[in-house]
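Chemist: Numbering (my numbering), first residue to last: 84 to 251.
Note that the Cβ used here is the ideal one computed from N, Cα and C, for glycine as well.
As the structure is a computational prediction, the values presented were derived from the model and not from experiment.
(1) Ignore the nearest five residues each way along the sequence and tell me which others in residue 99's own chain have a CB closer than 6 angstroms to its CB.
(2) Taking only the alpha-carbon atoms, compute the straight-line gap between residue 176 and residue 160 and give it to the nearest angstrom.
(3) In the structure shown, what three-state DSSP assignment does residue 115 receive?
(4) How is residue 166 classed by DSSP in three states: helix, strand or coil?
(5) Is the beta carbon of residue 118 less than 8 angstroms from the beta carbon of residue 204?
(6) State yes or no: is the C-beta of residue 128 within less than 8 angstroms of the C-beta of residue 144?
(7) May I ask you to list the residues that DSSP assigns as paired with residue 141?
(8) Quick check: the region 225-233 against the region 107-115, are at least 3 beta-carbon pairs closer than 8 angstroms?
(9) For residue 158, which three-state DSSP category applies?
(10) By the 10 Å Cβ neighbour count, where 16 or more other Cβ atoms means buried, how is residue 220 classified, buried or exposed?
(11) Quick check: what's the CA-CA separation for residue 166 versus residue 180?
(12) Going by DSSP, what residues sit across from residue 173 in a beta bridge?
(13) Return the CA-CA distance between residue 188 and residue 240, expressed in angstroms with no decimal places.
(14) Mind reading off the beta-carbon distance from residue 172 to residue 93? Whole number of angstroms is fine, and I expect it under 8 angstroms.
(15) Out of 104, 130, 140, which one is the CA nearest neighbour of residue 215?
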């Protein structure tokens with residue numbers, strides 16, 4: 084089941100809080116992207132409802148960007164909200180609840196938390212990556228969507244190359 088990008092981000096923020104770590108908006112975008120890629124490759128389905136776009140600094144979910152741009156490069160201090168029409172008020176965006184999805188996002192956090200935001204960007208910019216292919220094809224045009232099949236295939240190939248080691 085796919086969840087709002089804001090909910091996946093909230094789960095990552097929860098994990099960061101547990102580790103007494105902080106995440107800035109650039110890093111959260113990349114961590115959500117890596118969660119999507121590994122989820123597609125290992126579990127066969129999207130964890131993120133929205134599409135990623137190829138922006139200059141890597142894959143971005145626009146609604147996530149616009150929700151967090153206030154922070155600039157500062158750590159995110161609150162959870163992301165969505166409007167609940169039933170209760171007629173804002174509520175925290177729902178986090179993934181399937182155990183397999185939560186476990187996968189936890190593994191993504193454990194592996195990628197050691198990287199700086201700039202290093203995470205560099206990982207998304209590797210030659211042949213979904214971002215690089217889309218960016219090159221669109222010639223840097225704004226709003227170029229990254230095909231989820233490209234993301235799935237890239238991360239599946241990464242998993243195949245890492246046989247015998249940690250997949251992520």
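Modeler: With the structure as the only source:
(1) For the purposes of this step, residue 99 is taken as the residue at position 16 of the chain shown. Within its own chain, the residues whose Cβ lies closer than 6 angstroms to the Cβ of residue 99, once the five positions on either side in sequence are excluded, are 106, listed in chain order.
(2) The residue labelled residue 176 in the question sits at position 93 within the chain shown. The residue labelled residue 160 in the question sits at position 77 within the chain shown. Approximately 15 angstroms, taken between the alpha carbons.
(3) Sequence index remark: in the chain shown, residue 115 carries index 32 (1-based). Residue state, collapsed to three classes: helix.
(4) Start at 1 with the first residue of the chain shown, and residue 166 comes out as number 83. When DSSP states are grouped into helix, strand and coil, residue 166 belongs to the strand group.
(5) The residue labelled residue 118 in the question sits at position 35 within the chain shown. The residue labelled residue 204 in the question sits at position 121 within the chain shown. No, these two residues do not count as a Cβ contact at 8 angstroms.
(6) Against the chain shown, residue 128 aligns to sequence position 45. Against the chain shown, residue 144 aligns to sequence position 61. No, these two residues do not count as a Cβ contact at 8 angstroms.
(7) The count along the chain shown starts at 1 and reaches residue 141 at position 58. Within the DSSP secondary-structure output, residue 141 pairs in a beta bridge with 138.
(8) No: fewer than three Cβ pairs fall under 8 angstroms.
(9) As a first step, residue 158 is located in the chain shown; it is residue number 75 there, counting from the start. Three-state DSSP puts residue 158 in coil, outside helix and strand.
(10) Within the chain shown, residue 220 is the residue found at index 137, counting from 1. It counts as exposed.
(11) Indexing the chain shown from 1 puts residue 166 at position 83. Indexing the chain shown from 1 puts residue 180 at position 97. So the two alpha carbons sit approximately 19 angstroms from each other.
(12) Against the chain shown, residue 173 aligns to sequence position 90. Looking at the DSSP assignment, residue 173 forms a beta bridge with 166.
(13) Stepping through the chain shown from its first residue, residue 188 is reached at position 105. Stepping through the chain shown from its first residue, residue 240 is reached at position 157. So the two alpha carbons sit approximately 19 angstroms from each other.
(14) Taking the chain shown and counting its residues from 1, one reaches residue 172 at position 89. Taking the chain shown and counting its residues from 1, one reaches residue 93 at position 10. No, residue 172 and residue 93 are not in contact; Cβ-Cβ is about 17 angstroms, not under 8 angstroms.
(15) As a position in the chain shown, residue 215 is number 132, starting the count at 1. Per the Cα distances, 140.
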